[in-house]
Structures are given as C-alpha cells and as structure tokens.
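Structure, as structure tokens:
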Amino acid sequence: MSSLFRKPWFPVTFGGMCFVAVGVIVEVLLRLGILNRYILPFPSEVLAAMVRVIEEEDILGRMAVSGMEMVVSGFAVVLVGVPLGTLLYRVRVLRLAVEDWIAALAAAPIVLAFPLFLVIFGRGMGTVIALAFCFGLAPVVLKTTEGLVGTRQVLINVGKSLNMTSPQMFWEILFPSALPSIFTGIRLSWTFCLIAVIGVEFLVNIGGLGQLINDLAERYDMPATYAAITFVILVSVLFFILLERLEKWLQPAR
Amino acid sequence: MSGEKQAALVVENVSKRFGDAEESVLACDRVSFEVKPGEFVAVIGPSGCGKSTLFNIIGGLLGDYEGAVRVGDVRIDGPHPSIGMVFQEESTFPWRNVIDNVAFPLELRGVDKLQREEKARHFIDLVGLDGFEKRYPSQLSGGMKQRVSIARTLISQPEILLMDEPFASLDEQTRLLLGDKITQIQQQLKQTTLLITHNLTEAVQLADRIVVMTYRPGCIKRIVNIDLPRPRTSDVVGSDAFGHYVAEIWNDLREEASRGMQDSEAIARADRRRV
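Line order of the protein sequences matches chains A and B. Be aware that the first sequence starts at -12, since it is given in this note's numbering, and climbs by one per residue. Be aware that the second sequence starts at 412, since it is given in this note's numbering, and climbs by one per residue.
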C-alpha cells in the first residue's frame, strides 16, 4: 500500500477522486433534500452545463480574455514588485518608512475602488489589469524584501571572502537565496490578481469569465453559473502549474 | 634568522575594540604570532576570547583594527586572494549542486565550464565526495556539507587556509574522521593552515603549534609546539603524548574558561535583576 502512495500519479489521481467524491456526496444530499436544490444545483447538472457553456457561451474566448488579463497583471506585478522589494532591501530607511503601508495595501479591498479606475482607464481591459496589478503588488514586494533580508550572513561572508562585486553578490547569492520567498510572494500575488480580474469583470460586467458568471447568475442559470466558476478554477490551476514549472526550472534543488 | 622560512602570515600586535566612547569592549589585545609556509597552527581559547574577531580580521571581513595582519608585505584591510576561508556555520549554496558549489570561485573568475568542472572533480575527490557531484546540499549530511565548503575554498588554491571551528556542529566521531581528512589534505598540499577552535583534542590532533588565548580581552597566553609525528591520523588520540599535550593545554585554559563562565553568569544575573 505504501508503495502505491509513492507512485508519481497517485497524488493527482487521489485529488481527482476526492473531487468526484465530493460531487457524489453533494448530489446524494441534494436528492435526499438535505441540501436546498434552489441554492445549489445538482453536480450532474453542472457537468452537463459545462458542455452547454463551452458550446454556447464562447468559454474558450472568455478564458483567453481573463487569462490574458491575468498574464499581463501577473507578470507586471513580478516585473515591478521584485525590483521594488529589492529597493526596499537596499534602502533601509525607505523600508522602515513604507513597509507597513505596503502591508496595509495588501489587506485593503482595492477592488471596491473600481469606479475610480473606470474613470482613469475607461470601461475595458485597462481597468481590469490596473486593478489586478494594484491588488496583487504588495505580497511580491514584501516577500522579496523578506527573502533578501533573510539571506544568511554566512553566505554573504562567503561572497565577501571571494571578493565578489556588488552585482555578483546580488545575482549569485542574495537573489537565489531569496527565490523561495519571492515565489511565495508571486503565488500570493497571482491569487490576488485572479480574484481581482474575475471580481472586476463581474462587478463592471466586462471581459471574460467574471462577466459570464454575472450574466449566467442574472439569468438564474445555476448549473451554468457553477460550470463557469469551475472554468475559473481551471484557469487558476493552469497558472499555478505554470508557476510550479517556472519554480522548478529556477530552483532545481527544491 | 637567515635559515628560517619567511612567514606566510604575520599577526602583529592586533587589537580590536567594539563599541563607542561611552561603552566599549576590548575583544583582542595585542595578539602577535606567525604562521610559516606549510605549517598548521591552531588558535584555541574559551568562548568570548575574541577568536572569531581574530578570524574576521585575518579574513579581511573586519576592518578598523590596530596592529597589522600581513600576507607577504601586504597589510590585510579586506578579503585577500591568498586567504581562503572556511566558516563555522554551514555555508554551501543550497541552490547549487556539489560540483557547482565547488566550482563557484572559478566560475566567478570566468574559467570555462569544462576546465572548472575538471578541477572541481579533483577537489571533490580530495575531500572524499566523489560520486556526490550532482547531489544538492539538502541531500548531504553535515560533515559532507562541510567538506564541500572546504573543497570550494581549496579550489582557489589559497596560500593560507583559514578555518573557524569548521567541525563545531558535528558529532565527535565525524569530527575525528574529518580531522583525518584535513590532516591528509594539509599534508598532501603542504597547505598553510590556521584553525580557530575551542576544541582541545581537535587542536592537538591537527596542529603543529597551538596559540592559547586568554579570556577577554583575548591576548596570547602561550604558544605550544605539538611534537607529534607526521603523517598524523586520528590514531594519535590514543597516545600518551597526545594525552600529555591535552592535559598541558587544559591547565592553561582551565583558569580562562572559569573566568569566562563566571563572567557569563554575572551578566545573566544582572540581566535577571534588570528584568
């Protein structure tokens, strides 16, 4: 049995089986009347609605729109957040001055500021991307700084003893040492970005999957609404697989 | 004297004070000794005697000291290419495998991959880690990681190998075996070595001379010549002469270690009173 647990395909299969098991349990509870079928649709109906959503609602096009917004905001967060985190590490006074504010930014419900963003960026992709960027920026900044500050002194001393230049010290020691923490930040940031993308699309009724969920909910098509939510989860899974691959490539020692 | 070799490393009246005008601690006080080419010298002293301060000064990590540390005619004011450092804490790069860790100093110098890997393999072999080239530090034991650090330092072929309690975090058996390895490498490469340690048996097992330091402010109490035969292995720990040297140096150290302990207790009591 324990050898079965060690098979590489086991965790994925087990995860899938758990997902199916939850579906079956919910289905049974709904059919027995323990759960309210007007709030929660039958999982079998959600499954059937997925085909309908693919055929009638241009789901691939919508996934592409939301995915595109997610990619742009997600990579912008990394491109801006990592250098900003590095700057906070380098300039201690700046770090002490703004670190708490950035942490507060992470906790703020920036999505609710969508009217302001609509005024600035118009009713389109720009607003979604800008809001997702602002919402997702803080974790990657904070985690980059944390990772760099947490570099073990002995590794820095090794670098000094080898007469390394400042750029060498950064790229060969500080940055690789901070990478695990930076990736934790990216994972959090991307989660925030996805929430913002879907949330703003839902609220403003523009773009991809968020708008679709809004449309379907307003039509009170519950199975299709849940099917669309499942596609959001799918987009999320795809992004985290991408991140995992990237992390494995950059950190083979993991 | 004309017949004597010129010292590879000269430590001359080195003093270091920490703190400011109001409150300061004298860590080292006029410490002087020399290390000749190919010689293995150990500096031993109780905790708080300024051993690590001395290590950092000689390694060029700590500036602004009085006196002089010289390699040839050059006064040490920063890291010097002739000095290779091995640190007390585990210092391998966890994101690099063994061969990349060892080859790192050559990579910095721009040596091409094939050449640096060939050289790295030689030093990996020297520290007895052949077969582990592609492993990452997380897959190695504490002793193996420390051997990777030693190989990484040796690959630069430093004139002087400077080690700060490299076996401090290892168990006694691993420590003895690694001591063997170090002795073997030192004899093979005729490597000038300065070992900073608080471990008596380790110092006697490895060194040709032992510099015994006093408790704070750390100054030299005595320099003991260790006249044990070379080539030396850990078998030497069972000999009468080894026991004699350990006892002799412990006699010197006991008083200093007691002072250190009393000092620590007094500080702890004062802290408790403050709380």
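Idealized CB from N, CA, C, for every residue including glycine.
Check your understanding: In this structure, does DSSP put Val9(A) in helix, strand or coil?
Key -> helix
Practice item. Measure the beta-carbon distance from Asn424(B) to Gly478(B) and round it to whole angstroms, keeping in mind my assumption that it falls under 8 Å. Key: 4 Å
Point to revise | First through last residue of the alpha helix (DSSP H) which encompasses Gly20(A) | key: First-last for Gly20(A): undefined, no H or E at that position.
Exercise for review: Buried or exposed for Arg620(B), please, with buried defined as at least 16 other CB atoms from any protein chain shown within 10 angstroms of its CB.
Suggested key: buried
Check your understanding: Which residue spans inside the region 101 to 171 of chain A form an unbroken alpha helix (DSSP H) run of at least 4?
Key -> 101 to 108, 112 to 136, 140 to 148
Check your understanding: Under the rule that 16 or more other beta-carbon atoms within 10 Å means buried, what is Asn23(A), buried or exposed?
Key -> Exposed is the call here.
Review point. Using the beta-carbon count (16 or more within 10 Å), is Leu149(A) buried or exposed?
Key: buried
**Study point:** Per-residue burial, Thr503(B) [other beta carbons within 10 Å of its own, 16 or more giving buried]
**Key:** buried
Review point. Where does Lys(-6)(A) sit, in a helix, a strand or coil, going by DSSP?
Key: coil
Exercise for review: Within its chain, find whatever has a CB closer than 6 Å to the CB of Ser413(B); leave out the 5 residues flanking it on each side and keep chain order.
Suggested key: For Ser413(B), the pLDDT reaches just 46, beneath the cut-off of 50, and the residue's location in the model is therefore unreliable, leaving the point undetermined.
Review point. Can you name the residues that DSSP bridges to Asp575(B)?
Key: DSSP, once it has assigned bridges, lists Ile607(B) as partnering Asp575(B).
**Study point:** DSSP state of Gly590(B) mapped onto helix, strand, coil
**Key:** helix
Check your understanding: So, Gly195(A) versus Met50(A), is the Cβ gap smaller than 8 Å?
Key -> Less than 8 Å divides the Cβ of Gly195(A) from the Cβ of Met50(A).
Practice item. Find the residues of chain B that neighbour Pro163(A), judging by a C-beta separation of less than 9 Å, and give them in chain order. Key: Phe504, Pro505, Trp506, Arg507
Practice item. Taking Val615(B) as the reference, give the member of Ile678(B), Phe653(B), Gln597(B), Asp575(B) with the closest Cα. Key: Phe653(B)
Exercise for review: Please decide whether Gly470(B) counts as near chain A, where near means a Cβ-Cβ distance under 8 Å.
Suggested key: yes
Review point. DSSP puts Cys687(B) in a beta bridge; with which residues?
Key: This structure cannot speak to residue 687(B), because chain B is shown only from 412 to 686.
Practice item. Have a look at Glu159(A) and Leu540(B) and give me their C-alpha separation to the nearest angstrom. Key: 24 Å
**Study point:** Rounded separation between Leu605(B) and Gly456(B) - CA only
**Key:** 14 Å
Exercise for review: Work out the CA separation of Ala240(A) and Phe170(A) for me, nearest whole Å.
Suggested key: 14 Å
Review point. Quick one: which chain B residues come within Cβ less than 8 Å of Ala240(A)?
Key: Pro505, Trp506, Arg507, Asn508, Tyr547, Pro548, Ser549
Practice item. Assign Phe29(A) to one of three DSSP states: helix, strand, or coil. Key: coil
Check your understanding: Any idea what DSSP makes of Ala240(A), helix, strand or coil?
Key -> coil
Exercise for review: Given a cut-off of 8 Å, decide if Ala419(B) and Thr608(B) are closer than it, judged by their beta-carbon atoms.
Suggested key: no
Exercise for review: Could you say which of Lys462(B), Leu589(B), Ile571(B) lies nearest to Gly495(B) if we only look at CA atoms?
Suggested key: Ile571(B)
Practice item. Could you check the C-alpha separation between Asn662(B) and Cys439(B) for me, to the nearest Å? Key: Spanning the two alpha carbons is a distance of roughly 21 Å.
**Study point:** Through-space distance from Phe179(A) to Leu(-9)(A), alpha-carbon basis
**Key:** 36 Å
Check your understanding: Applying the criterion that 16 or more other CB atoms from any shown protein chain within 10 Å of the CB defines a buried residue, is Lys(-6)(A) buried or exposed?
Key -> exposed
Practice item. Quick one: which residues of the region 133 to 148 of chain A get their C-beta closer than 7 Å to a C-beta of chain B? List them in chain order. Key: Val141, Leu142, Asn144, Val145, Lys147, Ser148
Check your understanding: Using CA coordinates, which residue listed in Ile41(A), Ile193(A), Leu17(A) is at the minimum distance from Ile116(A)?
Key -> Closest by C-alpha distance to Ile116(A), out of Ile41(A), Ile193(A), Leu17(A), is Ile193(A).
Practice item. Check Arg507(B) in the structure and name its three-state DSSP category. Key: coil
Practice item. Within its chain, find whatever has a CB closer than 6 Å to the CB of Thr689(B); leave out the 5 residues flanking it on each side and keep chain order. Key: The structure shown has nothing for residue 689(B), since chain B only spans 412 to 686.
Practice item. Under 7 Å Cβ to Cβ from Leu203(A), same chain only, skipping five residues before and after it: list those, please. Key: Excluding positions up to five away in sequence, the list reads Ala211, Thr212, Ala215.
**Study point:** 7 Å CB neighbourhood of Ser458(B) in its chain, flanking five on each side removed
**Key:** His609, Gly671
Review point. Enumerated in chain order, which unbroken segments of the alpha helix (DSSP H) with a length of 4 residues or greater are wholly contained in the region 481 to 535 of chain B?
Key: 509 to 519
Check your understanding: How many angstroms separate the CA atom of Leu229(A) from the CA atom of Leu589(B)?
Key -> 44 Å
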